[in-house]
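Protein chains in written order, with the numbering used here: chain P, 178 to 462; chain H, 178 to 462; chain E, 178 to 462; chain B, 178 to 462. Here a beta-carbon is modelled for each residue, glycine too, at the ideal position from N, C-alpha and C.
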């Protein structure tokens, strides 16, 4: 029996990089959350405390900020690729650099040149792995919260002794979507690709009659792969944000002003926990 | 010496009321977080455990959901007024009902009739107090995150033994604004008033050269009161979301590809804590 | 009609001050979250952008850290008093300094001299106001989560058309308590006082048969004021963390292994939102 | 080219199961957060909307609550195994059930029989996979926040053009540890095993002179595997919670009361982001 070091990695997480482009009076803003990590031959740091092959996480942080200027941020994928290549080059013991980026969107205030209001809503993401021999790019989105107020049912399901759920003919379908998709190549117009995927996800969500959230995920995944030939697969993690119809039947309402109070799919309570969690990948073979 | 009951109130907090209007094929959605509380002669509940004058918080919850249908939600202020009046009427011992509402905005997906994507960004709020003799309405907004990438300075300040801050000629000014304003009367077009205040806040934030966040708050407050004669005052709570210029001076960069790396107001680190917190009220006398 | 500046204050929030006392090989740790603010004659900063009377929030931050060493932290109240007095002395335009402190507790690991594990649970707080003429100290605790698994009922309450809640003879009573209390004088053993109040709160919570959370709060407040003659009042904010009995009646369980499944106050679902929110103050007159 | 369904699973997340054992007047409490999911042949649900093989997430929720009574919770691992076996038995199309549990600790208040105060601090976890042919149990802990106030250095590291970090001879080492470990067999005294691992982690953290967080993780992992022969491996995810020494050198302090103010490892600012993130697994071969 031997006890030994297994998988390991290290890096700097959640560098909040804000880049202002001010080459002209009309400024641009990029607002990122950047995490880096390195994997490779770092056994000595663990076993004997020898740091000579360890590029400090503080240096990784410095590089993330420097590259926002040196390389620039035309897209988060392009920036992450450059940053990953640099960290790998600077660290001989590393075999792979992983870069994760989240991007927060801002809108210009009116037509002002240097004033912005944070948009909120969906966060664009990427996860880039730069190895000595291979590079992989995954793009994505999270906190994309969508809701259909009808055209969703759930029935005909398996039952057992513990099943009490009634069948639903018409319910709210809502989820805070996390989606990630992988690219077959690197010569991609990252911003156009992102915009296209997002539009297809939204349109398909809206246009699909849903017999379960699973069916909606599969429809979205298929539509994205069909419209984006450069993608190899797409994965979804979708919490089923339950909206329960509020039961008005116990109210003792007679005569005005209460007459005829009913709840035909009109008033719901949005629940926090527990929630269904549906996860699915659609792949191109 | 006597020990006795002082101020007290009770209610149901954070009812997540979602109302779908589906009278036509083109649905509308209202997504609220509603909190209610009652104040009045509730000493017996505290002292002797007698609940006979206590309308349960569960009933307050039921009423919040029922009124989303019975009264409807043309605006959060209008809904809160109706809900507060009902709770006061139903509870003889109460002297005052307080209703707090947050509203989360959704956008329609494309031109779909019953599909929505959550907008994120600013949350509209109101705080309504319905008493036996007086009614007060405060409207507001929170999580309105704005940023000017120039036209902000901070200098000429008081110094002491512990002051190390250098003067700043050109910095980022950013804040996640909370603003609340009060109305002199109740015959208000609540939605138009909210839209007007928000527009004035954003325009003034963008158009004001700032020698301190205090000056920006005062300018926004003055502009709002000037443009909205029905308001009596406006209050701001503004965390100064510090964006620190990243120091590139320690980097040892000579020759290509690093030549000439500088940081002239271009790369910042967005800090979490600590943060400045500036609070000010502007009033009409 | 005149528009003018109303109430205003400014400061630095959430300075995460960690103080290690290492005068001997056996270290001590104090882990604080410190917020400061100043109120006074700061109109010029708002109206004309003149900062000459404004001690920067950055300096307030520096002072908070320096005073962790210069004055030390025998208790958060004592430290806050010293910090408030200093900020007031350093800022002629200020009339009042407000200091808020949260303290996170750590336990020693075994008998190690300089190793600690964060305790979690209740957070000790204080809120100190140092004025030119008066000083006020409020002590407190938050995130003190307590639960009685029986000896709690809720019945005999007021009902109306919207009431559907059944009476409860035996329920779980749980809350995440926020309590604050004020001191009549400043010559207090702050640590002993805090320990005494906390013990009384816990013992009274545990020992009181509750006909409503209101009754429990009043009992705790009365017991604290009776046992602590130096306190003028105590206030509670108590979310009623609902634990709903899970309904087993719909399960179709016959024969082994399911025979006789019942739920007599044994299995609950802990709910997030909405929650009851009960607030009460008990005062000494 | 074919587009098809890839990996998928579904379940109910974050069931807040609270179990009171009240067979005697001295009650016990178990407070869990339970998530379940099923993997298997669920293609029809995705592709054609056919739910006939889908046990609803609502039924999974019901089962989690029922099993808190039917099977009981002697340990979270034992409960998760029973729950996973049941869900697999009830769902012919499933090949594997995954159960995740978090346990929140409570302390008894004094010697009261049915009153508890939540402990806070570390959260015990498990992740159990019940397949048709194999069962795997992973135990763990999270939010175990530990700190050494000395006996930590970081020097001799690799440097590049972007490195500005000075070497540190004596620093604070702090982390909020997530650890997970796997068991070779199922005939384990889960509670004793957990207590043993936790004690070894704490003792080793406290007793190890650290030349990097990596070295501390490896020492802890080795010590745990040596003392627990039934474990196959242990993994750590350790954010390096930076505590930066506050720079007092810019203060202009002469004469009393400021004389001699220095900061020799005594006053730190606890930073939020960015943070180092060190991850390592130690394995038995």
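{"Check": "So if I threshold CB-CB distances at 7 angstroms, which residues from the region 238-265 of chain H count as touching chain E?", "Outcome": "238, 239, 240 and 243"}
{"Check": "Ignoring anything shorter than 4 residues or poking outside the region 245-299 of chain P, list the alpha helix (DSSP H) runs there in chain order.", "Outcome": "253-267"}
{"Check": "Quick one: Cα of residue 422 of chain P to Cα of residue 448 of chain P, how far?", "Outcome": "11 angstroms"}
{"Check": "Consider the C-beta atom of residue 243 of chain E and the heavy atoms of the ligand SAH; say whether any pair is separated by less than 7 angstroms.", "Outcome": "Among the components of this structure there are no ligands whatsoever, and the ligand SAH is therefore not found."}
{"Check": "Please decide whether residue 325 of chain B counts as near chain E, where near means a Cβ-Cβ distance under 8 angstroms.", "Outcome": "yes"}
{"Check": "Using a Cβ-Cβ cut-off of 8 angstroms, state whether residue 193 of chain B counts as contacting chain H.", "Outcome": "no"}
{"Check": "Going by DSSP, what residues sit across from residue 196 of chain H in a beta bridge?", "Outcome": "P/444 and H/207"}
{"Check": "If I'm right that residue 291 of chain H touches residue 268 of chain P with Cβ under 8 angstroms, what's the distance once you round it to whole angstroms?", "Outcome": "Between residue 268 of chain P and residue 291 of chain H the Cβ distance is about 52 angstroms, and since that is not below 8 angstroms, they are no contact."}
{"Check": "Output the distance between the C-alpha atoms of residue 280 of chain H and residue 237 of chain H, rounded to the nearest integer angstrom.", "Outcome": "19 angstroms"}
{"Check": "Give me the DSSP bridge partner(s) of residue 304 of chain H.", "Outcome": "H/277 and H/315"}
{"Check": "Can you look up residue 455 of chain B in the DSSP assignment and give me helix, strand or coil?", "Outcome": "strand"}
{"Check": "Give, in chain order, every residue of the region 425-442 of chain P whose Cβ lies closer than 9 angstroms to some Cβ of chain H.", "Outcome": "425, 427, 428, 430, 434, 435, 438, 439, 440, 441 and 442"}
{"Check": "Straight-line CA distance for residue 219 of chain E to residue 271 of chain E?", "Outcome": "8 angstroms"}
{"Check": "From E/383, E/462 and E/368, pick the residue whose C-alpha is nearest to that of residue 204 of chain B; which is it?", "Outcome": "E/383"}
{"Check": "Is the Cβ of residue 322 of chain E closer than 8 angstroms to any Cβ of chain P?", "Outcome": "no"}
{"Check": "Can you list, in chain order, the residues of its chain whose CB lies under 6 angstroms from that of residue 209 of chain B, leaving out five sequence neighbours each side?", "Outcome": "194, 278 and 280"}
{"Check": "Hey, would you say residue 307 of chain H sits closer than 8 angstroms to residue 274 of chain H, going by beta carbons?", "Outcome": "yes"}
{"Check": "Determine which residues share a DSSP beta bridge with residue 354 of chain P and list them.", "Outcome": "P/321"}
{"Check": "Are there 16 or more other CB atoms within 10 angstroms of the CB of residue 484 of chain P, so buried, or fewer, so exposed?", "Outcome": "Missing from the structure shown is residue 484 of chain P; chain P here goes from 178 to 462 and no further."}
{"Check": "Across the region 239-255 of chain E and the region 406-421 of chain B, are there enough close Cβ pairs to call them in contact, namely three or more that are closer than 8 angstroms?", "Outcome": "no"}
{"Check": "Based on Cα-Cα distance, which residue from E/226, E/440, E/366 and E/196 lies nearest to residue 441 of chain B?", "Outcome": "E/196"}
{"Check": "Would residue 356 of chain E and residue 426 of chain E qualify as a contact pair, given that the criterion is a beta-carbon distance under 8 angstroms?", "Outcome": "no"}
{"Check": "Please list, in chain order, the chain B residues whose beta carbon lies closer than 7 angstroms to that of residue 339 of chain H.", "Outcome": "428"}
{"Check": "Taking the beta strand (DSSP E) that residue 421 of chain B falls in, what are its first and last residues?", "Outcome": "420-422"}
{"Check": "If distances are taken between C-alpha atoms only, which option among E/320, E/454, E/224 and E/189 comes closest to residue 260 of chain E?", "Outcome": "E/189"}
{"Check": "From which residue to which residue does the beta strand (DSSP E) around residue 408 of chain B run?", "Outcome": "408-417"}
{"Check": "Within the continuous alpha helix (DSSP H) that includes residue 401 of chain H, where are the two ends?", "Outcome": "390-404"}
{"Check": "With a cut-off of 8 angstroms, do at least 3 Cβ pairs link the region 394-408 of chain E to the region 332-350 of chain E?", "Outcome": "no"}
{"Check": "So residue 390 of chain B and residue 352 of chain B are in contact, right, with Cβ under 8 angstroms, and what is the actual spacing, rounded?", "Outcome": "7 angstroms"}
{"Check": "Could you tell me which of H/373, H/438, H/255 and H/266 sits nearest to residue 406 of chain H, measuring between CA atoms?", "Outcome": "H/373"}
{"Check": "Identify the contact partners of residue 455 of chain P in chain B, using a Cβ-Cβ distance below 7 angstroms as the criterion.", "Outcome": "187"}
{"Check": "Would residue 319 of chain E count as contacting chain H if we go by Cβ distances under 8 angstroms?", "Outcome": "no"}
{"Check": "Between the region 314-329 of chain P and the region 214-232 of chain B, are three or more C-beta pairs nearer than 8 angstroms?", "Outcome": "no"}
{"Check": "Starting from residue 230 of chain H, find everything on chain E with Cβ-Cβ shorter than 7 angstroms and list it in chain order.", "Outcome": "335"}
{"Check": "What are the residues in the region 270-297 of chain P lying within 8 angstroms of chain H by C-beta distance?", "Outcome": "283, 286, 287, 289, 291, 292, 293, 294, 295, 296 and 297"}
{"Check": "What distance in whole Å lies between the Cβ atoms of residue 258 of chain E and residue 305 of chain E, which are believed to be in contact at a cut-off of 8 angstroms?", "Outcome": "6 angstroms"}
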